[in-house]
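For the sequence shown, UniProt numbering gives the first residue as 1, with consecutive numbering after it. Glycine included, C-beta positions come from ideal geometry on N, C-alpha and C.
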Amino acid sequence: MASKKSHRDYTVAWICALEIEMAAAKVMLDEIHDPLPQTSTDHNVYTLGKVGDHDVVVVCLPSGVYGKVEAATTVSHMRSTFPGIRFGLMVGIGGGVPGPNADVRLGDVVVSKPNATSGGVIQYDYGKTLHKGRFERTGSLNKPPQVLLKAISQVSSEYIRGENLANNILLHTAQKNPIINEKFSRPHQDLLFEVDYTHEDEKQNCSTCDQNRLAKRSQRTSYQPCFHYGIIASADRVMKDAIVRDSIAEGQGVLCFEMEAAGIMDELPSLVIRGICDYCDSHKNKVWQPYAALTAAAYSKALLSVIPVTESRKRKHEETSDRSSRLEYGIPSILASRLVGRDGILSKIHSILASKFPETIVLQGMGGLGKTQIALKICSQTPNDYKLIFWANAEARSNLETSFAEFARKLGYTSPENPSEISENSSVEFVKGELKNQRFLMVIDNLDNLDDIPDIRSFFPFSDTGCILITSRHKHTIDLGETITVEPLEEKDAVELLNLRASKANEKMEDSLEIVRALGCLPLGVNQAAAYIHRTRLSYRDFLGLFYNRRQILSDYDLPKLWNYKKGAKGSVTKGNVGIWTTWEMSLDLLKSSDFGALKEIFLSIAGFFSGRNISRVVFEPIFSLYVVPWKQDTTDRFLNFVADASDLSLVENVAHDASGASFSLHPLITEWLWRRLSDDTLQLYIERAIYGPWFLQISSLTIQTLWIISAETRDLPGSDDDSPNRLDKAHEGIRARERIHGPADIELLQEKVGLASYYSCTHDWLSSVHLWRQVYQAQIGQRPQDRMPAFQAVVRCYGACLRKLSQQQDFEELIQSVLQLRCKCKHDGWGKKGHSSLAARLASQQPGTDLKIDDNQTYSEMWMGTYPSVPSYVIATGDTLEEHLKKYPELVGKKIVEKFGGGLPFLPKILSMDKALPLQIHPDRDLAKQLNKQDPEKFSDTNHKPEIAIALSQFELFAGWKPLNDLTQLFQHKPLQRFLPSPQTHFNDASLKRVAQNLLEADEKTVMETLTELTKMPENAFGKYSYIPKMLERVRSQYSEFDNGNLLAVVCMNYFVLHPGESVYVPTDGMHAYLSGDIIECMARSDNVLNTGFCPRPERDSIPLFCEALSFWPHEPDEALLGRHPSDKSLNGKTIEYAPPISEFNVLATHLSAGEREKIKPTNGPSVLVVTSGQGRMLAKASEGKCHDLKEGYVYFVGCGVELEFETSGGNLDVYRPYTE
C-alpha cells in the first residue's frame, strides 16, 4: 500500500450502492492507500486510493440497504470524516430507457447532465397530486459542479474525434487482469421486448419469453459501449414496468432510472454515472450488472483523467464555474439539507433576485423553522450575474462587526493609520463601498436582537443593484424590507423531513404524524428527533414511548420558555416548545451514555457559555488538562470524538476542520437551551460538581488586576508580612463599597472578587474562596452567553474545584458515598402487565424523584436496575447515571472486580411483570456474541454472554429446558408430529432433537396451523403427564398467532413450570426459554444480546439455522433447570438465603424479615444492588459515613464493596433482594 495520507488530502468521493459496483471501483484504483481512523459515529467502510493524480474515497452503501435516504446518510458521514472532499461521483448500474431520446442499450453509460428545467437528476416521486389524480413533480435538485461539466465536454470531444478514453480503460483492465475479464465480461444477448409484453414466468432469464415480441431496432456494428448525457430519474422504488417507465420518461426526457442519486445531489456536488444493466421492465435480471458496473467505473476514471488535480482541490466558491468569477465569503458549511415544504418561499425569493432592482428581503419567524437553511439554499442557487455573496452573522453587534472586518481583510483592505488593525467602522464603510458597484447578495443571519443593533440600516450598502436577505425572529424586522413569514411545516412535509433525516421509509403514517405533531411541525425539532432515531435505530413507536416518558419528567418542572416560542402559528408552539426541549434532553442523555459521556456533557454545556459560532478546541484546553488520564488520547482526538458524536445527534452544526482539529457552531436555540437549563439550582449544582479534578488553577489566564497576581504553584505569597490582614480587610472594604455603588453585577467588581477568591484558593482557605466564587458564578449565570465575562468558564471550573476541596476538608456530604439511592426506569413492552397489576410499575412509581404516574391502560413490563446504557439507572443525589458515577469513582466497585470484569457492574438485575409470553429465545455465548457484534453492532451491542436466573415473586409460569428424551420419543409418535421427524424410526438424542427443532421452526405456516389444529383436537389424556398441551397450545396461539412456529416447539418439546414465590430457575447461556406470566426478579450477566425465534412477529425472528446452531440441549430433566437456595454465610442473624448459579458474575441474597426482626450482613468484596420488593424499614450502612437509609417498597440502592449492612423492619414484614459480585 502507499504511504498514509491525511483526511483532508482526499478530494473526490466515489459512491456505490452495490458490492459489484464497489468491486468495479476498486479495479480502477491506480493505488490503494492505508485506511485512516474514523469516529465511533461513522459506520461507513472506506477504500482509499488514487486515480490518476486524484486522491479518492470509495464508499458503498450498507449491504441490502438501498435508496436515497441511506445514500444521503452515507454521504453525510463521509463528508464529516473527509472534509477535503469537493465533489462526488455516484457510480454504478441503472435501468435504461430505450426510445426516441437516445438509442440506449445494455452496457451503455448514461451520465447526468443539466438542462433548462433540472440539474440533471430528478426525483420523480417527489411532488403533489392534482385534480383527477394528475401528479406534478415539484422541487429541484442541485446540478453538478462546473468542473465536472467541463470534464464531460472534454471526454465527449475526445469521443467525437475517435478517442474513446473509457473503452481504452476497459481494454487495458481486461488485459491486465484476466480474472476481472472473466467475471465482468460482456454478455452476448441484449433483449428488448415490446412495451406491452411482460415476462412469462418466474425464471430469472427470458428463455421462455416469446422472441417474436422483441422490439425492432437496428444492429450495432460494435460491441463498444456508447455514452449518453441527459436526465436521470431517481426514487426509492425499483422501476420494472415498461409502460410506467415510458410515461415518466416521455414528459421529462429521462434516459435512466435508479434509486440513490436524489439522496446525494443536495448533500454533495455530484455527477451521476450509470452503466445500463436492464430496461426497467418485467424482463429485468442481473446478467448484465457486472459489465454495466465496469463500464460506468471506466467512464468515471476517464472523466477524472481530464480534470487537473489543482481544479479538484479548489474551494467551493472557486469550483463552480458559472461562479468562477464570483466571490463568496462567510457561508456556513452546514449542509443545506433537502428542504421540504418551502418551494413557495424559494420561488418568491428567486423572483425578487431576478428583478433589475431587487429589494431587501426579511425571512421572519420564530426559531427552529429553517430560515438559515432557506438562506443557504438561496446562496447555492443564486443567479449567475450575482458576482459576490457575503454572509454576515448578526447574533450580536460584535459578531456582525467581526464579519465585516474579516470580509474587508479578505478583499485586501488595510487601515491607513495602522495596517495591522482594522477598525469596525472603517471596515463596514469599505465593504459597503465594494458592494456598491456590482451585483451582490448579502445575507444577514440571526438578526434577533435589534436592541443590540438598533442602527442595523447603517450596515446596508447604498446600492439598488444588490439584494439583502435577512433572517430574524424579531417581529420589528418587518420594517426593514419585503417580509416573508416562515411558518411551521405542513404535516405531510414534516413527515417527509422526518423520514428523510431518520433514514426511514416504512414506518406507520399514524406514528409519523404523532411525532411531528408533538414537535409542532418545527423543522429544528423534527430534525433533532430524526437524528436521535437514526442514531438509535428505534422504530417511531419506540421513540414515542421514550419521548413521552422524558416529556413527563420535564412537565414536572417549570421550563424556562425560550422567548421566541411565546406565541406561534397554528396553535402548535406550546406543544413545540416542550417537544423540542424534550428532544434536546433525550439527545443529551444519549450523548452522556456514549464513551466518556459525562465529559462530553461538560464540553457541550461549556459550549453554551459562548456565542454559538466557530467554537474551537482552544476553549476546552483547561478541561483537557483535568482529564488527561481517562481519555488517553491527544487533545485533538478527544475533541474530534466529542464533535463527531454531538454532530451525529444534531446538537452541533457547521463542523469545520482546521489546523487545531475542528470547530463547530450551535444553533441559537440550542445555545439558549444549554445555558437556560443550567439556571435550575439542581442543574447548577451538577455543573459545579462535574467540573472538578486535580487542583488546577492558572491565575494569569484570568488577567485580573486586584491585590496580588499570584501563582497556584507557589506558597511564597506577596504580602505575607504582618500587614497582610490589614490589606485583606481593606480589599473587602473596597469590594463592599463598589458593590453599594455599582451593584453586584458590575464587571470590575466581579474581577476583584475573582482575584480575591484566587488568593484564598492558593492559601487553601476553601471556605472563603467558595463564598467569593459563588457570588461571581451567581451574578453571571443568568446573563446571556455573549454578555458574560471572558473568564466565566474558568470561574465555573474554579468554583467546582474549590467546592470539592471544601467538602474533603470539612466533612461535608461528599460525592463519593458508598450507598447510593437509585431511580430506575420502567419499560412498556406489550407482554407486560397493565397498570397497577404490574409489580414493576408499582415499585418504580415509589422511588423518589420518579416521573412515573401509573396508567391502568398502559403496559409496564420491566424495571432495570444497573449500568446497561439503553435503560440506565440514575443516582438521585447527583443526577448522573450509575454508569457515569462508577466511571468517576471506580473504587466503589473495587480493584479486584475492575481487573476481573473491566469495571462497572458485571450483572444486570430487573423486575419483570408478565401478562403474556415473552419471545422464545436464547442468549449467545461469548464466542458467538463477538461474531454477531462484529457483524451487526446495532442489534448485538456487546460481546458478553448472558446466563440468567429468575426468582418468582408471585406465581410464575415459564418454559425452560427440554423434556426428557424418552418422553419426546413417545410424544412424537402422535401422527400430527411425525411429519417433523428425520425418519419414522427416530430415537431422540441431542442430535436428532436439534434436527426436529429446526424442522419445527422452518415449517411453513400451513403446516404449523394444521399441526396445531390436529393436536388441540386430541383428548388431553392422549398426552399422558403432559395433558396440559392442548389447552396451552390454544393459549399461546391466542396471544400471538396460530402460524407461530414457536407454539409447537415450546409446548411440545420444552419443560413447562409453575413456580411459587421464592422458587427460581437457572437459564444457561444458549439455553432456550420463554417466560409466560407472573412477577419475578431476574438477574443476568451484563448483556442485552438475544436471538428470538417464536412468540413474536415473524420479522423480529432471527435466522433459524443460526438459532439452532447456537442451541444447547441441556437440561433434559425439569429438576435440573431449577436453582436451589441455601442459608447465606454472609448472614449474621440467619435471616438471609442465597441463590448461587454456576457462574462467576453474581449471586443473589434474599433477606426476609418479620415484624420486629433485624438482620446483619457481612461486607461483600464487590458491588451490589438491592431492591425492596415489599414492606418497609431502615438500613444502616456501616461504612465510613455510617448513614441510615429508609427502606420502602420500590426503593433501590447501589452498595459499594466492603460495606456491612444492617436491616430492621418498621412494623411489618420486609423483603429485600440483593444481587452482588465478588
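Excluding residues up to 5 positions away in sequence, Glu601, Leu604 and Leu651 lie with their Cβ nearer than 8 Å to the Cβ of Leu588 in the same chain. Pro982 has its alpha-carbon roughly 47 Å from the corresponding atom of Tyr46.
For Phe1198, the uninterrupted beta strand (DSSP E) segment begins and ends at Val1196 to Val1199.
Secondary structure in the region 903-956: the alpha helix (DSSP H) runs of 4 residues or longer, each lying completely within the stretch, are 926-935 in chain order. In terms of Cα proximity to Ile1029, the closest of Val1008, Asp1044 and Asn1055 is Asn1055. Distance from the CA of Pro1105 to the CA of Gln998, rounded to the nearest whole angstrom, comes to 7 Å. Distances from the CA of Gly1078 to each of Val1008, Lys1192, Ala1003 and Glu957 were compared; the closest alpha carbon is that of Glu957. At least 8 Å separates the beta-carbon of Leu882 from that of Leu928.
Membership of Lys50 in the beta strand (DSSP E) is indicated by the continuous run Tyr46 to Val51.
Phe440: member of the beta strand (DSSP E) spanning Phe440 to Asp445, first to last residue. Ala262 places its beta carbon less than 8 Å from that of Ser234.
The C-beta of Gln985 has fewer than 16 other C-beta atoms within 10 Å across all chains shown, which makes the residue exposed. For His1152, the uninterrupted beta strand (DSSP E) segment begins and ends at Asn1147 to Leu1153. The beta carbons of His1116 and Pro964 sit about 5 Å from each other, so the pair counts as a contact at 8 Å. Residues of the same chain with a CB within less than 6 Å of the CB of Val871, apart from the 5 flanking positions on each side, are Lys825 and Trp864 in chain order. For Met90, the uninterrupted beta strand (DSSP E) run begins and ends at Phe87 to Gly96, by DSSP. According to the DSSP secondary-structure assignment, Thr471 is paired through a beta bridge with Leu363.
If you check the CB distance, Ile1143 and His1126 do not come in under 8 Å.
According to the DSSP assignment, Lys1160 belongs to no alpha helix (DSSP H) but to the beta strand (DSSP E) extending over Arg1158 to Ile1161. Under the DSSP assignment, Gln289 falls in the alpha helix (DSSP H) whose first and last residues are Gln289 to Ser305. Around the CB of Ser1154, fewer than 16 other CB atoms lie within 10 Å, so the residue is classed as exposed.
Per the C-alpha coordinates, the member of Pro98, Ala102, Asp103 and Trp14 positioned closest to Leu61 is Trp14. Contact holds between the region 1192-1212 and the region 1162-1179, because three or more Cβ pairs, one in each stretch, are under 8 Å apart. A residue is called buried when at least 16 other Cβ atoms come within 10 angstroms of its Cβ; Arg217 does not meet this threshold and is exposed. Measuring C-alpha to C-alpha distances from Ser1112 to each of Lys1135, His1073 and Gly1124 identifies His1073 as the nearest. Taking the Cα positions, Gly1062 is about 15 Å away from Ser1128. When secondary structure is reduced to three states using DSSP, Met789 falls in the coil class, being assigned neither helix nor strand. Rounded to the nearest angstrom, the gap between the Cα atoms of Ala405 and Ile169 is 51 Å.
In the three-state DSSP reduction, Pro890 falls in the helix class (H, G or I). Setting aside the 5 residues that flank it on each side, Tyr197 is surrounded in the same chain by Arg213, each with a C-beta closer than 6 Å to its C-beta; the list follows chain order. In this structure, Asp103 keeps its C-beta atom at 8 Å or more from the C-beta atom of Pro225.
Remark: C-beta atoms of Lys50 and Glu19 do not approach each other more closely than 8 Å. Inside the region 1066-1115, DSSP marks whole beta strand (DSSP E) runs of 3 or more residues at positions 1073-1085 and 1091-1094, from first to last along the chain.
In the DSSP assignment, Ile1137 falls within the beta strand (DSSP E) that extends over Thr1136 to Tyr1139. In this chain, Phe664 is not harboured by any alpha helix (DSSP H); it is covered by the beta strand (DSSP E) spanning Ser663 to Ser665.
Minimum Cα-Cα distance from Glu1120 among the listed residues Met1084, Ser1064, Ser1210 and Ser1038 corresponds to Ser1064.
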